[in-house]
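A.B. asks: Below you will find the structure I want to go over with you.
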Amino acid sequence: MFLKRLDVVGFKSFADRISVEFVPGVTSVVGPNGSGKSNINDAIRWVLGEQSAKSLRGAKMEDIIFAGSDTRKAVNLAEVTLTLDNTNQYLPIDYNEVSVTRRVYRSGDSEYLLNNQTCRLKDIIELFMDSGLGKESFSIIGQGRIEEILSSKSEERRKIFEEAAGVLKYKTRKVKAENR
Ligand code: ATP
Ligand code: MG
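Count the sequence shown with the numbering used here and you get residues 56 to 235, in order.
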């Protein structure tokens, strides 16, 4: 499984549609301060279901919608699509290419799509759990996160290792089953 493409429109500083192609190897994003590098990382976490506006560096979810600039009007819709190659069937879904889309409107309405079909947030979280790519996963390490991992409580650290080892999904299901 690997990232193929990220399509972003109306999200944070990206008023126009941008498309980032991830070619095999290492992709680096470079640019001056404030040019939108971290916004790309935020877009990936957001499309994977991030619910905390604060962790996306905003006060409320609406803050992720392009708010306008000197030359551009604000928009009413933010949309991000992440496309992954799944030819090795690493994600437990019978498709060689998987796309996840999230939309949010200024009215507060929002939707998630999996391969262009409306789905629930829960479906996306389940699909990516244990893949290493969930929104809290070990594969996205933001600025300052390394210190946080090293200094966090042992139970928190354990969760990171459990996701890496692929057992978090089963633990989560067990807790849900017990609470039923
Ligand atoms: P640094 O090198 O300082 O880490 P960066 O390239 O990571 O910078 P980002 O934090 O990704 O920069 O981008 C910040 C920019 O995004 C700011 O200019 C901010 O005004 C803009 N921005 C954030 N949210 C919105 C929004 N809702 N509408 C318009 N612009 C936004
Ligand atoms: Mg940054």
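C-beta: ideal position from N, C-alpha, C; glycine also.
Computed from a prediction, not measured in an experiment: that's the story for all the values here.
When you compare only the Cα positions, how much space is there between L205 and R127?
C.D. replies: Taking the sequence shown and counting its residues from 1, the one referred to as residue 205 is at position 150. Taking the sequence shown and counting its residues from 1, the one referred to as residue 127 is at position 72. Roughly 42 Å between the two C-alpha positions.
A.B. asks: Please state whether the Cβ-Cβ distance between L137 and L61 is less than 8 Å.
C.D. replies: For the purposes of this step, residue 137 is identified with residue 82 of the sequence shown, where counting begins at 1. For the purposes of this step, residue 61 is identified with residue 6 of the sequence shown, where counting begins at 1. The answer is yes: Cβ separation under 8 Å.
A.B. asks: Do you know how far the Cα of T227 is from the Cα of I120?
C.D. replies: Translated into the one-based positions of the sequence shown, residue 120 becomes position 65. Translated into the one-based positions of the sequence shown, residue 227 becomes position 172. The straight-line gap from Cα to Cα measures roughly 32 Å.
A.B. asks: Output yes or no for whether 8 Å exceeds the beta carbon distance between L146 and T156.
C.D. replies: The sequence position of residue 146 within the sequence shown is 91, counting from 1. The sequence position of residue 156 within the sequence shown is 101, counting from 1. No, the pair does not count as a contact, with Cβ atoms beyond the cut-off.
A.B. asks: If we ignore side chains and look at the alpha-carbon of each, how far apart do E166 and R175 end up?
C.D. replies: In the sequence shown, the residue the question calls residue 166 occupies position 111. In the sequence shown, the residue the question calls residue 175 occupies position 120. Answer to the nearest angstrom: the Cα atoms are 8 Å apart.
A.B. asks: Which runs of the beta strand (DSSP E) spanning at least 3 residues fall entirely within the region 68–145, listed in chain order?
C.D. replies: You should have 73–76, 132–140.
A.B. asks: Can you list the beta strand (DSSP E) stretches of 3 or more residues lying completely in the region 137–189, in chain order?
C.D. replies: 152–160, 165–169, 172–174
A.B. asks: Going by Cα to Cα distance, which pick from I73, N88, K59 is closest to V81?
C.D. replies: Your numbering for residue 81 matches position 26 in the sequence shown. It is K59.
A.B. asks: What does the alpha-carbon distance come out to for the pair R158 and D164?
C.D. replies: By one-based count along the sequence shown, residue 158 stands at place 103. By one-based count along the sequence shown, residue 164 stands at place 109. Distance between the alpha carbons of R158 and D164: 8 Å.
A.B. asks: At which residues does the alpha helix (DSSP H) containing K59 begin and terminate?
C.D. replies: Mapped onto the sequence shown, residue 59 falls at position 4. No alpha helix (DSSP H) contains K59, which is instead part of the beta strand (DSSP E) from 57–64.
A.B. asks: Listed by chain order, which residues have C-beta atoms less than 5 Å from any heavy atom of the ligand ATP?
C.D. replies: Result (chain order): K67, S68, N88, G89, S90, G91, K92, S93, N94, F121, A122.
A.B. asks: Kindly list the residues whose CB is nearer than 6 Å to the CB of A133, restricted to its own chain and excluding five residues on each side of it in sequence; keep chain order.
C.D. replies: Here residue 133 corresponds to residue number 78 of the sequence shown, with the count starting at 1. Here the set comprises G65, F66, I119, I120, V159.
A.B. asks: Whose CA, out of G104, F69, S74, lies closest to the CA of I180?
C.D. replies: Position 125 of the sequence shown, counting from 1, holds the residue named residue 180. Of G104, F69, S74, the residue nearest in Cα terms is G104.
A.B. asks: By Cβ distance below 8 Å, which residues in the same chain neighbour V85 in space, the five residues on each side in sequence not counted?
C.D. replies: Numbered from its first residue, the sequence shown carries residue 85 at position 30. These residues qualify, in order along the chain: K92.
A.B. asks: Leaving aside the five residues before and after K224 along the sequence, list all residues of the same chain whose C-beta is less than 8 Å from its C-beta, in chain order.
C.D. replies: Numbered from 1 along the sequence shown, position 169 holds the residue referred to as residue 224. Excluding residues within five positions, the ones whose Cβ falls inside 8 Å are E181, M184, D185.
A.B. asks: Can you give me the C-alpha to C-alpha distance between F216 and S124, rounded to a whole angstrom?
C.D. replies: Residue 216 sits at position 161 when you count from the first residue of the sequence shown. Residue 124 sits at position 69 when you count from the first residue of the sequence shown. C-alpha separation (whole angstroms): 42 Å.
A.B. asks: Could you tell me the alpha carbon to alpha carbon distance between E76 and Q172, rounded to whole angstroms?
C.D. replies: Against the sequence shown, residue 76 aligns to sequence position 21. Against the sequence shown, residue 172 aligns to sequence position 117. Taking the straight line from one Cα to the other gives about 23 Å.
A.B. asks: Measuring CA to CA, which of V230, N131, I195 is closest to A219?
C.D. replies: Within the sequence shown, residue 219 is the residue found at index 164, counting from 1. Taking A219 as reference, the option from V230, N131, I195 with the minimal CA-CA separation is I195.
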